[in-house]
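Asks: In UniProt numbering, the protein residues as written are 1 to 224.
Every residue, glycine too, gets a C-beta built ideally from N, C-alpha and C.
1) Looking at the strands, I want to know which residues DSSP matches up with residue 13.
2) Check each candidate in 136, 81, 5 and name the one with the smallest Cα separation from residue 26.
3) Would you mind reading off the limits of the beta strand (DSSP E) that contains residue 78?
4) Please find out if some non-hydrogen atom of the ligand PLP comes closer than 7 Å to the beta-carbon of residue 24.
5) I think residue 102 touches residue 81, with their Cβ atoms under 8 Å apart; what is that distance to the nearest whole Å?
6) Any chance the stretch 189-205 sits against the stretch 148-163, with 3 or more Cβ pairs inside 8 Å?
7) Which residues mark the beginning and the end of the beta strand (DSSP E) in which residue 219 is found?
8) Taking DSSP as the reference, what is the three-state secondary structure of residue 121?
9) According to DSSP, is residue 6 part of a helix, a strand, or is it coil?
10) Buried or exposed for residue 205, please, with buried defined as at least 16 other CB atoms from any protein chain shown within 10 angstroms of its CB.
Below, the structure written as structure tokens:
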């Protein structure tokens, strides 16, 4: 995973604060002040994480996220100053992995960025996890369904890996949130539900491998 982070934020002071914290941790930082510049830098450089503001000149963050997702599964951390949670959920529908509400403390932003860059993958007792027609290759972070490539976001991959590595085990929503995002996560269960819905849509006819256990949570169950 590249240690280059692309910060897309139109407020220069905020960009500089984020850049200072990230460079102090050894990350290389690219900066964009608008959506079009962000896409240009994204095409020109190998980026390991995008920190993306929603309200941007030229192209808004939703449009930038949508275009990036057409060609890449790079982790995307969205910044939002909006109080309307529906805006945040729209970001997840478009493929964002996590979000931070502005104003946010730099240490929290850094912790979220590290988590997305480093991942929270299960122990690699095997390189490949399989379940029916689904195969998940941990080293390359790739997934196939019926031998056809299935493009997942960073968070969708993490959820599927967690469930497939613990087949038939029921995870409560709270447990799954802790495993994927950690103990300091400030989101709610609707965030997880949105990622599960997107994951099932991509698995298509095999979406029923991810089973909702009423009043409990989720599990991966191989179908006959």
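Replies: So, from the data block:
1) Under DSSP, residue 13 forms no beta bridge with any residue.
2) Of the candidates 136, 81, 5, 5 places its Cα closest to the Cα of residue 26.
3) Run containing residue 78: 76-80, per the beta strand (DSSP E) assignment.
4) This structure does not include the ligand PLP; it has no bound ligands of any sort.
5) That pair is a contact at about 4 Å.
6) Counting Cβ pairs under 8 Å, three or more are found: they touch.
7) DSSP places residue 219 in the uninterrupted beta strand (DSSP E) bounded by 217-220.
8) Any reading at residue 121 must be qualified, since the residue scores a pLDDT of 48, below 50, and its modelled position is unreliable; no value is offered.
9) Looking at residue 6 - three-state DSSP - the assignment turns out to be strand.
10) Classification for residue 205: exposed.
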